[in-house]
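S.K.: Residue numbers (this note's numbering): 6 to 271.
(1) Taking the DSSP output, what are the residues bridged to residue 129?
(2) Could you have a look at residue 40 and say whether DSSP puts it in helix, strand or coil?
(3) Are the beta-carbon atoms of residue 254 and residue 242 separated by less than 9 Å?
(4) Are the beta-carbon atoms belonging to residue 95 and residue 107 less than 9 Å from one another?
(5) Tell me which residues share the same chain as residue 231 and place their Cβ nearer than 8 Å to its Cβ, disregarding the 5 neighbours each side in the sequence.
(6) Under the three-state reduction of DSSP, which class applies to residue 184: helix, strand or coil?
(7) Can you give me the start and stop residues for the alpha helix (DSSP H) that residue 216 sits inside?
(8) Under 8 Å Cβ to Cβ from residue 126, same chain only, skipping five residues before and after it: list those, please.
(9) Do the region 202-211 and the region 77-85 make contact, defined as three or more Cβ pairs closer than 8 Å?
(10) Check whether the Cβ atoms of residue 247 and residue 34 sit closer than 9 Å, and answer yes or no.
(11) Which two residues bound the contiguous alpha helix (DSSP H) that contains residue 9?
Here it is, written out as structure tokens:
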């Protein structure tokens with residue numbers, strides 16, 4: 006399809022406006038993390054590295070980072086296991102209600118976070134009688150992180166078909182042997198990309214975390230929210246926000262590169 010020069014110029018202008026609306030606020034946060042001002046002012050009156058030093062020496066922020074990493078890693082592991090099993094069951098087997106089950110697996114990522122948070126809070130406290138803790142946060146994050154793994158793996162399974170697995174079965178290999186030697190090696194990159202996306206999704210999640218974390222659990226997004234409007238904490242929060250953005254970008258970038266490399270290879 007060919008576009009006129011006017012249409013191309015209009016699309017370019019719209020693209021620039023949309024990207025600017027998304028990324029200019031992030032640039033402001035980055036610049037303010039070096040500002041000498043203790044409040045969110047623009048333009049900055051001066052530049053300093055003081056807040057970066059304080060941020061990396063802030064015990065509360067470091068504990069929050071550790072908690073977020075622990076939650077994200079645990080949720081990612083759970084998501085890899087359950088997401089892979091769900092995708093194998095739904096793609097490789099025919100059974101009644103398969104489409105309904107597929108919808109239920111994907112639904113948590115589409116529901117508003119506040120609805121998911123309220124529902125899980127009620128389930129943990131009222132139905133199961135559990136105290137909110139880091140365990141409830143991990144379970145809550147896993148409910149929507151599974152979707153990223155599920156989507157990656159089921160897409161790969163649809164692309165691969167069953168010819169190699171059928172050949173393995175014809176040669177006498179059992180289900181586990183076929184999975185270990187045939188299926189899993191072909192799924193590794195999809196699992197890796199899905200795990201990276203799940204980690205990034207969990208690491209910066211705040212709405213569901215607010216409803217499922219106990220008073221003693223403080224993830225990095227919660228720490229940012231609590232300290233954003235405290236006196237003299239805004240610059241430190243800006244530094245932590247920049248770090249959070251970088252941590253979120255890296256796994257998404259790697260997953261995108263993996264997907265791009267596989268398309269070229271095919």
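By construction, the Cβ of each residue, glycine as well, lies at the ideal position given by its N, Cα and C atoms. Because the structure is a prediction, the values reported are computed rather than measured.
M.R.: With the structure as the only source:
(1) Paired residues: none, contrary to the question.
(2) strand
(3) no
(4) yes
(5) 223
(6) helix
(7) 212-217
(8) 137, 216, 217
(9) yes
(10) yes
(11) First-last for residue 9: undefined, no H or E at that position.
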